[in-house]
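Structure first, commentary second.
In the UniProt record's numbering, the protein residues as written are 1 to 702.
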């Protein structure tokens, strides 16, 4: 007791278990590096892995300009390894040992006791490690040097004995036939060290792409180290009621369990269901029902259930379609499973079912032949997808089985907005996987209009429009007077500050305007469970009430400025992805949720001092229009502005460039000899290396 009083508790920290990177997170232990090598982003030349063996091989650059580097020794090693001639098979093409290879070995066989921890805002997030690998230098280049030496000696001996070739032409050959291998001999051979080494050598290397510490992909993956559900969906086992806690302390005896009547394995009574944690209840219900309105789900969970907790849990296992919740594909088709009809793996099935769900976010009707043509799946699998969430109508197609839930959409706009952003990300993935055409992205007019009741007369529509105008007239009149007053005040201030007006310069491009048909189709009728009303079109197009314009512009400018100061070069597609991630991290009701169009985003990029780089992409490129638009920060206010501008001018004329060309151009334009570190710094800011060539960030076409 005395010790406890002397050592009081200072702070209590909540601990969360993050599972997004479960069985994917490895810890690399680098050796103590020499002074001539730095573990920087640019030093990782290549990386490859053998997944089954958990074996990694990294190739890292050595700073040959470092004063601690012995140049004569490096030249001697390169000469011993490659000889005097240099070709594509040479290990050191620069005739200098300028790189070092590291191979991994498992540091511990059992890593279940180890985890990576991240502390943020009073919360500790733990992710279990799947492996701990120690990296050690590889000296295979010495074996290569020995092999070259033996080849030279063999060639010399062969030249001396050329006169005896005639005598050695005829040789006696002994032929032996091996005995049949017994089962015991085969088992000994399979368990032998030589056989295991051969099996390991036969596994192919998988080449990896290295992303630096400040790369946007690294920042995106780093978010998975945090618990996504903040303990409600993933860590429900840590939250127990008193009765559940008592059940854990005193579980029922085996005899009592045996006395209960046995039920089929796929049947679970409501009484048994309510003994489970809330997240498991929702998962089981959605897995069996597949499509359900939120009101029905709340009635099944029983009275007293917190709707906020249900909303957080339902988003882990279901997606919002036309205001109703549809179970996620990976819940129905877990990993390492396959189709009972065609044997197709679960990953392909999930992709095909996601396409069907996404089609129903666009329209109430889906044609089966169109789904089969896009997904290339067998008819039985496609029929299963459609039967999960729709009903077949003769000569019409498949109609979504539940009506549009307008009550849920009006009560929970923040949930609808978050689901809308998730569907935009899924749509981008489907476009790349299936190479979707414009007719797949844009619903037909007749089908889009059929989201509302089909039989509506012209007189009824006129009456509905008149009622809506009367309802909104007072609000519109107030907004008009407010905007009028603001315009007058802006006009008076504009007359005072005419000299401070700055005309924005935009690069002139001959390319076609950005294709927004996909988003126009989404704004026609149903948008991921959100009906677009007539009085909300201004917000979707970026026209906000006068009082909100300044706040939205300031928030958007702060985001664009901070993003480009980190990345320097971004495609419009990557910028939109980062903006969606930024929106997802904001609290509900934030000003940026009022609607930001692509044009507003591009105008703000140009206003913050960025320029569009007209990269000459290959004619047969498969990049989307957003991926073809490349923007770069022209002036960052540091000493490397001129170097980056020269580099961007190079890429405005070339799609990909070799490093020596870049270095020569920088030396000519800047009038000085740049060392390796300065060139690496400029390349790291704006470019990525792939296959020995350098590209602007986001422009590599695999």
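Just so it is clear, CB atoms sit at the ideal spot from N, CA and C, and this is done for glycine as well.
Model, not experiment: these values are computed from the prediction.
Legend entry - Proximity winner among 356, 357 and 332, relative to residue 345 (alpha-carbon distances): Per the Cα distances, 332.
Inset, instruction - Would you list the one or two residues that DSSP bridges to residue 14? - result: According to DSSP, residue 14 bridges with 123.
Legend entry - residue 13 to residue 272 span [Cα, whole Å]: C-alpha separation (whole angstroms): 34 Å.
Inset, instruction - Can you say whether residue 227 is buried or exposed, counting buried as having 16 or more other CB atoms within 10 angstroms of its CB? - result: Buried.
Inset, instruction - For residue 586, count neighbouring Cβ atoms within 10 angstroms of its own Cβ and tell me buried if that reaches 16, exposed if not. - result: Counting of Cβ neighbours within 10 angstroms places residue 586 among the exposed residues, the total staying below 16.
Inset, instruction - Compare the C-alpha of residue 30 against each of 247, 626, 284 and 135 and name the closest. - result: Checked all of 247, 626, 284 and 135; the closest Cα to residue 30 is 135.
Inset, instruction - Using only alpha-carbon positions, find the residue among 114, 80 and 658 that is nearest to residue 142. - result: If we check each option's Cα against that of residue 142, 80 comes out closest.
Legend entry - residue 386 to residue 110 span [Cα, whole Å]: The straight-line gap from Cα to Cα measures roughly 45 Å.
Legend entry - 6 Å Cβ shell around residue 218 - same chain, five flanking residues per side excluded: Once the five neighbours on either side are set aside, the close Cβ partners of residue 218 are 211.
Inset, instruction - Would you tell me roughly how many angstroms separate the C-alpha atoms of residue 413 and residue 646, rounded to the nearest one? - result: Approximately 47 Å between the Cα atoms of the pair.
Inset, instruction - Give me the Cα-Cα distance between residue 640 and residue 127, rounded to the nearest whole angstrom. - result: Approximately 39 Å, taken between the alpha carbons.
Inset, instruction - Per DSSP, which residues does residue 693 bridge with? Please list them. - result: For residue 693, which the question treats as bridged, DSSP gives the partners 690.
Legend entry - 7 Å Cβ shell around residue 298 - same chain, five flanking residues per side excluded: Only 305, 307 and 310 meet the Cβ criterion.
Legend entry - Where the alpha helix (DSSP H) through residue 353 begins and ends: That run of the alpha helix (DSSP H) goes 346–362.
Inset, instruction - Classify residue 664 as buried or exposed, calling it buried when 16 or more other Cβ atoms lie within 10 Å of its own Cβ. - result: The residue in question, residue 664, is exposed, as its Cβ has fewer than 16 Cβ neighbours within 10 Å.
Inset, instruction - Could you tell me if residue 724 is buried or exposed, where buried requires 16 or more neighbouring beta carbons within 10 angstroms of its beta carbon? - result: What is shown of the chain runs 1 to 702, which leaves residue 724 out entirely.
Inset, instruction - Could you please give the first and the last residue of the uninterrupted beta strand (DSSP E) stretch that includes residue 764? - result: Beyond the ends of the chain as shown, which are 1 and 702, falls residue 764; an answer cannot be given.
Inset, instruction - Evaluate contact between the stretch 94–104 and the stretch 44–60, counting only Cβ atoms and requiring at least three cross-stretch pairs below 8 Å. - result: Verdict: yes, contact present.
Legend entry - Beta bridge counterpart(s) of residue 642 as assigned by DSSP: In DSSP, residue 642 forms no bridge with anything.
Legend entry - Alpha-carbon spacing of residue 684 relative to residue 409, whole angstroms: In a straight line, the C-alpha of residue 684 is about 45 Å away from that of residue 409.
Inset, instruction - Sort out for me which residues DSSP pairs residue 589 with in a bridge. - result: Beta-bridge annotation (DSSP): residue 589 is not paired with any residue.
Legend entry - Exposure of residue 129, with buried meaning 16 or more beta-carbon neighbours within 10 Å: Classification of residue 129: buried, given that the 10 Å Cβ count is 16 or more.
Legend entry - Contact between the stretch 654–661 and the stretch 687–702 (3+ Cβ pairs under 8 Å): Touching, yes, given that three or more Cβ pairs across the two stretches are closer than 8 Å.
Inset, instruction - Using alpha carbons as the reference points, say which of 434, 626, 394 and 600 lies closest to residue 353. - result: Ranking 434, 626, 394 and 600 by CA distance to the CA of residue 353 puts 434 first.
Inset, instruction - Taking 8 Å as the cut-off, decide whether the C-beta atoms of residue 619 and residue 655 are in contact. - result: Their beta carbons are not under 8 Å apart, which means residue 619 does not touch residue 655 by this criterion.
Legend entry - Candidates 303, 600 and 46, of which the one nearest residue 208 by Cα: Comparing Cα-Cα distances from residue 208 to each of 303, 600 and 46, the minimum goes to 46.
Inset, instruction - Compute the Euclidean distance between the alpha carbons of residue 78 and residue 145, then round it to the nearest angstrom. - result: Using only the alpha carbons, I get a separation of about 9 Å.
Inset, instruction - Using DSSP bridges, identify the partner residues of residue 128. - result: According to DSSP, residue 128 bridges with 115.
Inset, instruction - Give the DSSP-derived three-state secondary structure of residue 366 in the structure shown. - result: If DSSP states are grouped into helix, strand and coil, residue 366 belongs with the strands.
Inset, instruction - Would you kindly work out how many angstroms separate the C-alpha atoms of residue 606 and residue 485, rounded to a whole number? - result: If you take the alpha carbons of residue 606 and residue 485, they lie about 29 Å apart.
Legend entry - Enclosing alpha helix (DSSP H) for residue 568 [first to last residue]: Taken as a continuous stretch (DSSP letters only), residue 568 belongs to no alpha helix (DSSP H), as it is neither H nor E.
Legend entry - residue 706 versus residue 613 - alpha carbon distance: Nothing about residue 706 can be reported from this structure: the residues present for the chain run from 1 to 702 only.
Inset, instruction - In the DSSP assignment, find the alpha helix (DSSP H) that holds residue 434 and state where it starts and stops. - result: It spans 413–434 - the alpha helix (DSSP H) in which residue 434 sits, taken as one unbroken run.
Legend entry - Residue closest to residue 594, alpha-carbon to alpha-carbon, out of 181, 556 and 628: For the residues 181, 556 and 628, the minimum Cα distance to residue 594 belongs to 556.
Inset, instruction - In angstroms with no decimal places, state the Cα-to-Cα distance between residue 651 and residue 115. - result: Their backbone Cα atoms lie some 43 Å apart in a straight line.
Legend entry - Run of the beta strand (DSSP E) containing residue 108, from where it starts to where it stops: For residue 108, there is no enclosing beta strand (DSSP E), as DSSP marks it with neither H nor E.
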